[in-house]
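There are 2 protein chains.
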Amino acid sequence: KVSKEHQINISANEIIMTCGAAGALNIIFKALLDPGDEVIFPSPYFVEYFFYVENHQGKPIPCPANEDFSLNLEAFERAITPKTKAVLINSPNNPTGQLYSEREISELANLLQEKSKAYGKVIYLVSDEPYRNLVFDGTEVPSIFHYYNNSFVAYSFSKELSLAGERIGFVALHPEMENKEKIIDALILANRILGFVNAPALAQRLVAECAFEKVAVEIYKRRRDILCEILKEGGLEFIKPKGSFFMFPKTPIDDLKFCELLKEELILAVPGRGFGLPNHIRLAFCVPEETLQRMKPNFLRACEKASKLI
Amino acid sequence: KVSKEHQINISANEIIMTCGAAGALNIIFKALLDPGDEVIFPSPYFVEYFFYVENHQGKPIPCPANEDFSLNLEAFERAITPKTKAVLINSPNNPTGQLYSEREISELANLLQEKSKAYGKVIYLVSDEPYRNLVFDGTEVPSIFHYYNNSFVAYSFSKELSLAGERIGFVALHPEMENKEKIIDALILANRILGFVNAPALAQRLVAECAFEKVAVEIYKRRRDILCEILKEGGLEFIKPKGSFFMFPKTPIDDLKFCELLKEELILAVPGRGFGLPNHIRLAFCVPEETLQRMKPNFLRACEKASKLI
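Chains A and B supply the protein sequences, listed in that same order.
For what it's worth, UniProt numbering labels the leading residue of the first sequence as 1, then goes sequentially.
For what it's worth, UniProt numbering labels the leading residue of the second sequence as 1, then goes sequentially.
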């Protein structure tokens, strides 16, 4: 399956089954990081990346994305230092729904190659892809494996197969990674001693049976379009998400205050500052269409209240 | 179930479901340890305890058990320092099959109480009990909860319900632990950010259905007795295990060499030095009786070869 999705020949020993993508990222960082090593990721970010890096004595370095949440290569270039051990990207992205293009990935890969050479050390690329199969409008997620040898993919089946809570995923690594055997051994040891030991056995059988099933992307696309319509009517600025089930619009007022107004209307949103970008909120559209339609008047009321506070 | 087994009233929020006992121990140490904090455990020990403590910047301190593998209180008393954060015990024990009596537990609890007071800090007691329901000869495993308030129990269902590989267990903490709420929060956060996130959902339902089922202890007792007979005939010294499915006999020659002789006879044993005690081996009797009977001549041949090397 990985070989097919990434159009590259990956053998079974280059894949380590894990307790979900969070487990996958933790064992990657446990295997790679020495104390003080830096891991760079674009901001806004999934807040738990801070913990995953700090768990293993690494230093998390957020690095601003562009206004449209695409990768900001200049910011990456400034952020990379001799202490950089890895760059972590997440596409489709949580919280923004952004998806990085082939050009962005290839430019990032070139930059990492250059910097690795300049500093005489490997800088790894880690791609967290739990939403890989949740993309809209006929787009596809480019595979980092085509652009960079020293790269890892962390995957979870929980979104694709709607197996929320089953803790089943994997790490795949590039078949031409430097010191591949040593790194595979380190990942397997990390998986064991961090206490994951193995991916849940029942769930392993389950995904073996249905790994080629597809999530009903059309359903999510319709939900996204409804939510976009509502935000437009409310007068909010936003980037239309290309994947995942999140979007990250700008708020007309302070994000904490706006979340409070939404809460009064029984709508749950997460303040953008939690993701490193205030005056935005994260909304999830993994709820039924009726729910989105029903919340529309409430959302518009909150926007109106907010406009009076500006 | 925990309330019943430990005869103490434990509420749902004092139990955190985890990805097995290894996951449980990792989140306990992540929640408790500051860098350099010491965790003491009896030797011989389960070798992964070293990793579980070091994962979270703790310092593992093995402390010799008595000759019969019971708890050596004097050794504990010498091992405890102002840097001691916790004592970790495992009863029934892997690798020895030993089980600690009520007297041993209560003396250890008194010692910890005394030392906590002397150093003006809490020293926690952590009990790793995956084999709690695998005990023989009508014995029962005393509950540490009756003797010590600042205590945790780490449990796994995988042995009791023969769910090997399903990664399902829990942490239970004493309802009268100091700063209980803060510690529960820390455990929940650690469970999340270490990447376990939650215990596998399917397995949670499974154990909810069959948590009161009992392992067929009689089967294991018969296997133990057969293995003890074989060891006696081979002239090996051993402590008869009271629980678990391990035993830890003395070897007539160097443990590595003895394991090689066994390997020539197609018998798999683990050298004692891996558990901190050379000139012993760990044998597992979680195999069918026929297998044990079939290996008897092989085992005796290995013992004879060894006797010629002394």
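Heads up, the beta-carbon is just placed ideally off N, CA and C, and yes, glycines get one too.
- Its chain contains A302, K305, A306 as the residues whose beta carbon lies nearer than 7 Å to that of L261(B), once the 5 sequence neighbours on both sides are disregarded; these appear in chain order.
- Taking a beta-carbon distance threshold of 9 Å, L194(A) counts as an interface residue toward chain B.
- Taking H6(B) as the centre and dropping the five residues before and after it, the same chain places the C-beta of S143, F145, H146, V153, A172 closer than 8 Å to its C-beta, in chain order.
- Here the C-alpha atom of R294(A) lies approximately 41 Å from the C-alpha atom of E54(A).
- According to the DSSP secondary-structure assignment, R282(A) is paired through a beta bridge with V270(A).
- Following the DSSP letters along the chain, one finds N90(A) inside the beta strand (DSSP E) bounded by residues 84-90.
- Under the Cβ criterion of 9 Å, G36(A) is not counted among the residues facing chain B.
- Here DSSP, grouped into helix, strand and coil, assigns I40(A) to strand.
- Inclusion of S43(A) and C63(A) in the CB contact set at 9 Å is warranted, their separation being smaller than that value.
- With the rule of 3 Cβ pairs closer than 8 Å, the region 214-228 of chain B counts as touching the region 126-137 of chain B.
- Taking a contact to require three or more Cβ pairs closer than 8 Å, the region 16-27 of chain A and the region 192-202 of chain B qualify as touching.
- Within the region 44-69 of chain A, the beta strand (DSSP E) runs of at least 3 residues that lie entirely inside it are, in chain order, 59-64.
- Comparing alpha carbon positions, the residue from L71(B), L189(B), R167(B), I184(B) closest to R205(B) is R167(B).
- DSSP lists A284(A) as the beta-bridge partner residues of F246(A).
- Scanning the region 92-179 of chain A for uninterrupted beta strand (DSSP E) segments of 3 residues or longer gives 124-128, 151-156, 169-173, listed from N- to C-terminal end.
- Within its own chain, the residues whose Cβ lies closer than 6 Å to the Cβ of A75(B), once the five positions on either side in sequence are excluded, are C63, P64, listed in chain order.
- The shortest C-alpha to C-alpha distance from S158(B) to any of D185(B), E114(B), A203(B) is the one to A203(B).
- Measuring C-alpha to C-alpha distances from I226(A) to each of L32(A), L112(A), A284(A) identifies A284(A) as the nearest.
- No residue range can be given for T251(B), since it is assigned to no beta strand (DSSP E) and is classified by DSSP as neither H nor E.
- Of the residues S11(B), I10(B), I28(B), the one whose Cα lies closest to the Cα of A190(B) is I28(B).
- Taking V2(A) as the centre and dropping the five residues before and after it, the same chain places the C-beta of I10, I15, A172 closer than 7 Å to its C-beta, in chain order.
- The beta carbon of F76(B) sits no closer than 9 Å to any beta carbon of chain A.
- Ranked by Cα distance from N150(B), the first of M177(B), S156(B), K257(B), F248(B) is M177(B).
- Look at T18(A) here: in three-state DSSP terms it is strand.
- A Cβ-Cβ distance of about 17 Å is found for the pair I123(B) and K182(B), leaving them out of contact under the 8 Å criterion.
- The beta-carbon of N90(B) is placed no less than 9 Å from the nearest beta-carbon of chain A.
- What C286(B) touches in chain A, judged by beta-carbon distance under 9 Å, is nothing: the nearest beta carbon there is about 17 Å away.
- The closest CA to that of M247(A), considering only K263(A), R273(A), F238(A), is found on F238(A).
- Taking a 10 Å sphere around the C-beta of A12(A), we find fewer than 16 other C-beta atoms and assign the residue as exposed.
- A distance below 7 Å between beta-carbons, with the five flanking residues on each side excluded, links R273(B) to the following residues of its chain, in chain order: D255.
- Within the same chain, and ignoring the five residues on either side of R132(A) in sequence, the residues whose Cβ sits closer than 6 Å to its Cβ are V141.
- Counting only the Cα atoms, P175(B) lies some 9 Å from I8(B).
- Under the DSSP assignment, E265(A) falls outside any alpha helix (DSSP H); it carries neither an H nor an E label.
- Residue contact check for F275(B) against chain A: no CB pair falls below 9 Å.
- Classified as buried, D128(B) has 16 or more neighbouring CB atoms from the shown chains inside 10 Å of its CB.
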